[in-house]
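S.K.: Using the UniProt record's numbering, you'd call the opening residue of the sequence shown number 1 and step up by one each time.
The beta-carbon is built from N, C-alpha and C at its ideal position, and this holds for glycine as well.
Take this structure first; my questions come after.
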Amino acid sequence: MDDENERAARAKKGSPFLSTAQAAFYIGLSQRTLEKMRLKGGGPKFRKHGRYVRYHIDELDHWSKGHPQHSTAGDGKAGSGQGGTGGRS
């Protein structure tokens, strides 16, 4: 895990774009969960650089701030009904 953390820290200093593995570590999700969110929607915005998927640090922060948890009830339902808060920052 330290290697992933170091790579994410270096990427943040040198480039704002993270790979799926780095982005997942940065926001505290598994890589597979982030991949599923990318397919089904509801996850952070991503970009395609050629054949590579990249996540911008600012988009990860914005997405994370837009998904606060107030209860553990309903965990396990990715993308289900968190739409009421819209553009709040």
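Measure from the alpha carbon of His56 to the alpha carbon of each residue in Thr33, Ser19, Thr72 and Leu29, then state which is nearest.
M.R.: Cα-wise, what sits closest to His56 is Ser19.
S.K.: Nearest-angstrom Cα distance between Gly87 and Trp63?
M.R.: Unreliable placement is indicated for Gly87, whose pLDDT of 44 sits below 50; the coordinate value is still reported in the next sentence. Cα to Cα, the separation comes out at about 11 Å.
S.K.: Given a threshold of 16 other Cβ atoms within 10 Å of its Cβ, counted over all protein chains shown, does Glu6 qualify as buried or as exposed?
M.R.: So Glu6 counts as exposed.
S.K.: Identify, in the order they occur along the chain, each residue of the same chain with its Cβ nearer than 7 Å to the Cβ of Ser30, setting aside the five sequence neighbours on each side.
M.R.: Here the set comprises Ala24.
S.K.: Beta strand (DSSP E) containing Arg54: first to last residue?
M.R.: Where Arg54 is concerned, the enclosing beta strand (DSSP E) stretches over Tyr52 to His56.
S.K.: Where Met37 and Asp61 are concerned, what is the direct C-alpha to C-alpha distance, given to the nearest angstrom?
M.R.: Going by the C-alpha atoms only, they are around 16 Å apart.
S.K.: Quick one: grab the DSSP three-state call for Lys48.
M.R.: Strand at Lys48.
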